[in-house]
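Peer 1: Residue numbers (full-length UniProt numbering): 1 to 183.
Yeah, the Cβ is synthetic: ideal placement off N, Cα and C, and Gly gets one too.
This structure is a prediction, so every number in the text was calculated from the model and none was measured.
(1) For residue 50 and residue 9, I'd like the C-alpha separation in whole angstroms.
(2) Give the range of the beta strand (DSSP E) segment to which residue 2 is assigned.
(3) Whole angstroms are fine: how far does the CA of residue 155 sit from the CA of residue 129?
(4) Starting from the Cα of residue 25, find the closest Cα among 165, 159, 164, 139 and give me that residue.
(5) So residue 163 and residue 131 are supposed to be a Cβ contact under 8 Å. How far apart are they, rounded?
(6) Between residue 21 and residue 151, what straight-line distance do the alpha-carbon atoms span, to the nearest angstrom?
(7) Using a Cβ-Cβ cut-off of 7 Å (strictly less than) and excluding sequence neighbours within five positions of residue 148, which residues of its own chain qualify?
(8) Taking buried to mean at least 16 other C-beta atoms within 10 Å of its own C-beta, is residue 184 buried or exposed?
(9) Taking only the alpha-carbon atoms, compute the straight-line gap between residue 53 and residue 79 and give it to the nearest angstrom.
(10) Under the rule that 16 or more other beta-carbon atoms within 10 Å means buried, what is residue 111, buried or exposed?
(11) Tell me whether the beta-carbon of residue 4 lies closer than 8 Å to the beta-carbon of residue 42.
(12) To the nearest angstrom, report how far apart residue 93 and residue 70 are at their CA atoms.
(13) May I ask you to report which of helix, strand or coil DSSP gives residue 144?
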């Protein structure tokens, strides 16, 4: 079901799913994304369906013993709204067996509310702490998002610890950079 991507050849199979599923502000350049597969904390997986074809992708960071950060989760358009994504997400979370954190957009339209609803149906909890995603590419602005967590909501102290771990490891921000982004 999940095949870890460790080679450029395998990466070429899944990057198009990321590129077509996320706006440019929410995904790294192809070169930067490819470079991450050598990072021991970063785990990029192809999600295969029953016949072995790639139907989606999940990118997760093992940042601490007590939590996993999902950076990207996407399925091919033809797999959406048929239960494939939910089934794969549930299997992945069960397999990993950790507290999970992910970023979502602030609910401003039908699509963002549906996305949040999807995660809520799979046990995630909305945390209403202001969160800024650092830019994925040079020249971009930080994005106002929120964190959702599973299996439960988190305290402000835990939120700050998770945010710091994500910003320092995933976005490679220093403590000084964090002060600028989190204002």
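Peer 2: Taking the definition as stated:
(1) Within the chain shown, residue 50 is the residue found at index 50, counting from 1. Within the chain shown, residue 9 is the residue found at index 9, counting from 1. Whole-angstrom Cα-Cα distance: 22 Å.
(2) Numbered from 1 along the chain shown, position 2 holds the residue referred to as residue 2. Segment 2-4, the beta strand (DSSP E) holding residue 2.
(3) Within the chain shown, residue 129 is the residue found at index 129, counting from 1. Within the chain shown, residue 155 is the residue found at index 155, counting from 1. Residue 129 and residue 155: Cα-Cα distance of roughly 10 Å.
(4) Taking the first residue of the chain shown as position 1, residue 25 is located at position 25. Of the candidates 165, 159, 164, 139, the one whose C-alpha sits nearest the C-alpha of residue 25 is 139.
(5) Counted from its first residue, the chain shown places residue 163 at position 163. Counted from its first residue, the chain shown places residue 131 at position 131. Contact flag correct, Cβ pair sits at about 6 Å.
(6) As a working mapping, residue 21 is identified with position 21 in the chain shown. As a working mapping, residue 151 is identified with position 151 in the chain shown. About 26 Å.
(7) If you number the chain shown from 1, residue 148 lands on position 148. Correct list, in chain order: 102, 104, 119, 124, 125, 126, 127.
(8) The shown model of the chain, from 1 to 183, leaves out residue 184, and the question about it has no answer.
(9) Taking the chain shown and counting its residues from 1, one reaches residue 53 at position 53. Taking the chain shown and counting its residues from 1, one reaches residue 79 at position 79. Each residue's Cα considered, the two are about 11 Å apart.
(10) Here residue 111 is taken as the residue at index 111 of the chain shown, counted from 1. Flag for residue 111 reads exposed.
(11) To locate residue 4, count along the chain shown from 1; it is residue 4. To locate residue 42, count along the chain shown from 1; it is residue 42. Taking 8 Å as the Cβ cut-off, residue 4 and residue 42 do not qualify as a contacting pair.
(12) One-based indexing of the chain shown puts residue 93 at position 93. One-based indexing of the chain shown puts residue 70 at position 70. Distance between the alpha carbons of residue 93 and residue 70: 10 Å.
(13) In the chain shown, counting from the first residue as 1, residue 144 sits at position 144. If DSSP states are grouped into helix, strand and coil, residue 144 belongs with the strands.
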